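Numbered according to numbering that gives the first Met the number 0, the sequence shown spans residues 0 to 299.
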Amino acid sequence: MSFLSASRFDRLCLLELIMTGARDTVLRITQREVAQKSGIAQSRVSLFENMASEVRFSGLHQRKQRGGTILEDLTSVLQDGLQFTQSEVALGLRLAEEEILPFNKKDESDLLALMRKVSVDRPSTLQMKVGVDPHARERAWLDLESADGNLLVLSALPLEGDEQRMDQIRGNASRFGARFIHCRGCVEGTTTGNRTPSLGNWLTFLGYSGKCQIGLLDSTPSLELEMKLSSGVILSGQKTHFAHNEKESLPFLSHLEWHDRSSVLWAACVFETTWLSVPEKDRSRERVLPWLRKHIDRAP
Numbered sequence: 000m001s002f003l004s005a006s007r008f009d010r011l012c013l014l015e016l017i018m019t020g021a022r023d024t025v026l027r028i029t030q031r032e033v034a035q036k037s038g039i040a041q042s043r044v045s046l047f048e049n050m051a052s053e054v055r056f057s058g059l060h061q062r063k064q065r066g067g068t069i070l071e072d073l074t075s076v077l078q079d080g081l082q083f084t085q086s087e088v089a090l091g092l093r094l095a096e097e098e099i100l101p102f103n104k105k106d107e108s109d110l111l112a113l114m115r116k117v118s119v120d121r122p123s124t125l126q127m128k129v130g131v132d133p134h135a136r137e138r139a140w141l142d143l144e145s146a147d148g149n150l151l152v153l154s155a156l157p158l159e160g161d162e163q164r165m166d167q168i169r170g171n172a173s174r175f176g177a178r179f180i181h182c183r184g185c186v187e188g189t190t191t192g193n194r195t196p197s198l199g200n201w202l203t204f205l206g207y208s209g210k211c212q213i214g215l216l217d218s219t220p221s222l223e224l225e226m227k228l229s230s231g232v233i234l235s236g237q238k239t240h241f242a243h244n245e246k247e248s249l250p251f252l253s254h255l256e257w258h259d260r261s262s263v264l265w266a267a268c269v270f271e272t273t274w275l276s277v278p279e280k281d282r283s284r285e286r287v288l289p290w291l292r293k294h295i296d297r298a299p
């Protein structure tokens with residue numbers, strides 16, 4: 000699983016982030032200027048930057064009363080308005096298609112390269128919401144998990160929560176899917192007496208939902224995040240990652256939260272870079288699920 004095989008809703012969300020990043024971060028121009036460069040109405044440019052929320056965004060290949068198809072307009076915006084290369088245009092159109100198209104490892108790498116090209120180097124400090132209360136972090140998690148979209152989690156250990164939280168995640172994942180990246184050694188450590196009942200709930204959930212994928216890292220992730228392309232990103236477990244230099248340090252925080260597009264795209268780059276770095280055998284359900292059952296179900 001990758002962004003290229005995500006639900007259409009999530010693929011449109013990613014295309015929105017990429018287009019906005021290209022316009023705001025790389026070119027630093029307005030929608031009006033994109034419209035002028037591409038010869039497409041500004042209202043259409045705005046539609047393309049908000050495709051996931053637009054129920055009208057369908058019939059890509061249907062011809063308009065005047066001019067070409069929606070797909071042709073999108074091509075003009077990507078190529079002439081945002082100055083995408085031919086291969087980058089093809090990736091953008093692939094994300095917009097109503098059906099998931101066949102892809103290979105090179106397509107995945109090329110998409111990640113495009114994401115990085117239009118992404119910021121670090122999330123916005125102006126848009127950052129600081130949390131110091133663990134209860135506030137739990138509320139933020141629940142709000143994020145209730146939103147539409149593919150859930151992406153990078154953390155040392157699996158998610159913990161009661162049945163209500165797992166039911167909410169399960170219901171959302173049945174529609175949009177989910178991807179989890181965890182530390183192999185940290186999961187193994189749960190068999191030494193510190194295992195919580197919620198790990199069993201999480202394992203049951205993974206086995207229940209075929210749309211969920213798991214990757215295992217050999218090292219502990221330097222930061223932990225939970226995110227959805229459509230909603231935002233929550234970081235925890237890292238105090239100094241956003242210091243501007245080595246001498247700076249942030250006070251202890253329960254979590255950091257962003258909902259602006261540039262920060263969400265940055266987090267998507269972090270997650271996808273980590274995901275693609277995991278060997279295929281360590282993100283195969285057929286191999287990973289039996290390994291998880293072996294270590295989580297083992298008596299302490």
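Where is the CB? At the ideal position from N, CA and C, for every residue including glycine.
As the structure is a prediction and not an experimental result, all values here were calculated from the model.
Quick check: residue i and residue j, are their CB atoms within less than 9 Å of each other?
{"i": "S261", "j": "G38", "result": "no"}
{"i": "W265", "j": "G214", "result": "no"}
{"i": "I99", "j": "R7", "result": "yes"}
{"i": "Q212", "j": "R292", "result": "no"}
{"i": "R22", "j": "L81", "result": "yes"}
{"i": "R10", "j": "A95", "result": "yes"}
{"i": "D72", "j": "S253", "result": "no"}
{"i": "S1", "j": "E107", "result": "yes"}
{"i": "R164", "j": "L143", "result": "no"}
{"i": "C12", "j": "S229", "result": "yes"}
Buried or exposed: which applies to residue i, given that a residue is buried once 16 or more other Cβ atoms fall within 10 Å of its Cβ?
{"i": "I17", "result": "buried"}
{"i": "N49", "result": "exposed"}
{"i": "A221", "result": "Looking at the sequence shown, residue 221 is not Ala but Ser. By the 10 Å Cβ count, S221 comes out exposed."}
{"i": "A112", "result": "exposed"}
{"i": "T300", "result": "Absent from the model: residue 300. The displayed extent of the chain is 0 to 299, so no value can be given."}
{"i": "L125", "result": "exposed"}
{"i": "A172", "result": "buried"}
{"i": "T74", "result": "buried"}
{"i": "E271", "result": "buried"}
{"i": "A34", "result": "buried"}
{"i": "E97", "result": "exposed"}
{"i": "R121", "result": "exposed"}
{"i": "G160", "result": "buried"}
{"i": "G170", "result": "exposed"}
{"i": "G209", "result": "exposed"}
With a cut-off of 8 Å on the beta carbons, I'd call residue i and residue j a contact; round off their distance for me.
{"i": "H134", "j": "L156", "result": "That pair is no contact at about 20 Å."}
{"i": "G176", "j": "A5", "result": "7 Å"}
{"i": "S145", "j": "C268", "result": "In fact, because the Cβ distance is near 25 Å, the residues do not count as touching under 8 Å."}
{"i": "V76", "j": "F47", "result": "6 Å"}
{"i": "K116", "j": "D79", "result": "Contact flag wrong, Cβ pair sits at about 18 Å."}
{"i": "L205", "j": "L288", "result": "6 Å"}
{"i": "L110", "j": "L3", "result": "6 Å"}
For residue i, collect the residues of the same chain with a Cβ closer than 8 Å to its Cβ; drop the 5 residues on either side in sequence, then sort them by chain order.
{"i": "S123", "result": "W257, D259, S261, S262"}
{"i": "W290", "result": "L215"}
{"i": "G130", "result": "R136, A139, L252, S253, H254, L255, E256"}
{"i": "N244", "result": "With a pLDDT of 45 at N244, under the threshold of 50, the modelled position of that residue is not reliable, and the figure given next carries that caveat. Contacts found: none."}
{"i": "A40", "result": "A34"}
{"i": "S45", "result": "Q30"}
Would you check whether the ligand NAD has a heavy atom nearer than 8 Å to the C-beta of residue i?
{"i": "H254", "result": "You won't find the ligand NAD in this model; it holds no ligand whatsoever."}
Leaving out five residues before and five after residue i in sequence, what residues of the same chain have Cβ atoms less than 6 Å from its Cβ?
{"i": "R286", "result": "K280"}
{"i": "V277", "result": "G214"}
{"i": "K128", "result": "E256"}
{"i": "M114", "result": "C268"}
{"i": "G184", "result": "none"}
{"i": "E162", "result": "none"}
{"i": "I168", "result": "E144"}
{"i": "D166", "result": "none"}
Apart from the five residues just before and just after residue i, which ones in its own chain have a Cβ nearer than 7 Å to its Cβ?
{"i": "G231", "result": "L143, E256, W257, H258, V263"}
{"i": "L14", "result": "M50, G91, L94, A95"}
So does the segment 148-155 actually touch the segment 219-236, counting three or more Cβ pairs closer than 8 Å? Between the segment 148-155 and the segment 219-236 there are three or more inter-stretch CB-CB distances shorter than 8 Å, so the stretches are counted as touching.
Would you check if there are 3 or more beta carbon pairs closer than 8 Å linking the segment 12-32 to the segment 96-104? No, the segment 12-32 is not in contact with the segment 96-104.
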